[in-house]
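Please read the structure below before turning to the comments.
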Amino acid sequence: MLAAASHQQRIAANVNVFECGESPAGSYLVLDGMVALLAPDLSGRMHIVELFGPGRLFGDSGLIWGDAYGVSAKTIKPCRLMRIPPVTLREVMQIDTTFRDRVLQENALRIRSLLQRVGYFATDSSLARVAAYLSNLQPSFFCGKEYVEIPAPKRMIASLLNMSSESFSRALKSLKEDRLIIVSNAKVFILCRAGLCSKFQSTKTDHSCAPNPLPIA
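Numbered per this note's numbering, the sequence shown spans residues 3 to 219.
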C-alpha cells in the first residue's frame, strides 16, 4: 500500500525539498542519496541539524501533529526519494503496526541524536566534539580493522557540530598526530577507541537501539 500510493522522485544535489514554515505536502523516505535538515540560528544563519541516508524517514512530524515544517530539507547528494502523501501516512500507521513502530523508532532516533548534539555543545573544545562524534558513528570492520565512515562532506559535518571547517580539520589532524585515528577519504580507522573516548567525558553510544531502514512495500 505504501509504495502504491507514494510517488518516487529523483532530485539533484543542493536542491531544497521543502523549507521551514511551509505546510506539509508529505513525508519522505530516502531510497538513495542523502538529505540534510537545516535550521536557522539567532542570526539567521542556517545550520545542519540532522542527516538522513537510505532507509530514513523525514518530514513526518508536521504531518502527524498538523504543524508546518519546523526545519528546511536540502539534498546534499543526488537523491531518490519516496514522497508519502499525508493521508497515506496516517492510513498506513493505523493499519500497519510494524510501520507505525518504525516511525516511532525513527522519531526516537532523532531525539537521541538531538541529545547527543546537546552533549557535544556542552564543551567548547572542537577536539572533544569531533572525538565524541566519531565515537558515536556506527562502526564497521575491514580486514579486522575498525573504521567509521563520515557520511557527508567534512564542511557539513562541521556545521552539524557547530564549528568551522578549519576547526574540524584541525581536530582530525590532532587525533591523527595522537595516533588515535587514520583518515582515508571518508573512512576513519579507529586505532585506539579508548584513547578516542578519553578526549570527551561522555560514554560511547549503544548502537543496538538504532532502527532498521523502513520497509518500502
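Backbone N, C-alpha and C define an ideal beta-carbon position, used for all residues, glycine too. None of the values given here were measured: they were computed from a predicted structure.
C-alpha distance - residue i paired with residue j, whole-angstrom precision
i: L225; j: M36; result: Because residue 225 is not part of the residues shown, which for the chain are 3 to 219, the question remains open.
i: T207; j: R195; result: Note that T207 has pLDDT 42, beneath the 50 cutoff, so the model's placement of it is unreliable and no number is given.
i: N187; j: C199; result: 22 Å
i: E24; j: Y71; result: 6 Å
i: L139; j: E168; result: 21 Å
i: L116; j: Q11; result: 28 Å
i: S166; j: D34; result: 28 Å
i: G46; j: A75; result: 16 Å
Contacts around residue i, its chain only, beta-carbon distance under 7 Å, and the 5 residues preceding and following it disregarded
i: A15; result: T77, I78, K79 and P80
i: A173; result: S128, L129 and V132
i: V185; result: L174 and K178
i: K147; result: F191
Contacting residues, own chain, Cβ-Cβ under 6 Å from residue i (five flanking each side not counted)
i: D69; result: none
i: H9; result: R85
i: I50; result: A38, L40, M158, S161 and L162
i: G197; result: L182
i: P87; result: G28
i: M48; result: L40 and P42
Beta-carbon proximity check, residue i vs residue j, cutoff 8 Å
i: E151; j: S142; result: yes
i: P2; j: L53; result: Coverage of the chain is limited to positions 3 through 219, which leaves residue 2 absent and any answer about it impossible.
i: G55; j: V32; result: yes
i: E108; j: L44; result: no
i: K189; j: Y135; result: no
i: S29; j: L91; result: yes
i: F123; j: N164; result: yes
Rounded distance between the beta-carbons of residue j and residue i, thought under 8 Å
i: L2; j: V73; result: Within the shown structure, residues of the chain are numbered from 3 to 219, placing residue 2 beyond reach of any answer.
i: V94; j: L4; result: 5 Å
i: D62; j: V105; result: 6 Å
Residue i CB to nearest heavy atom of the ligand FMN below 7 Å
i: N18; result: Because no ligand of any kind appears in the structure shown, any question about the ligand FMN cannot be addressed here.
Beta carbon proximity, residue i to chain C, threshold 8 Å
i: M84; result: Any reference to chain C falls outside this structure, which holds one protein chain only.
8 Å CB neighbourhood of residue i in its chain, flanking five on each side removed
i: L193; result: R181, L182, I183 and I184
Problem - Minimum length 4: unbroken alpha helix (DSSP H) runs contained in the stretch 76–156 - result: 88–97, 99–123 and 128–138
Problem - In chain order, each beta strand (DSSP E) run of at least 3 residues that lies wholly inside the stretch 154–205 - result: For the stretch 154–205, whole beta strand (DSSP E) runs of length 3 or above, ordered along the chain, are 183–186 and 189–192.
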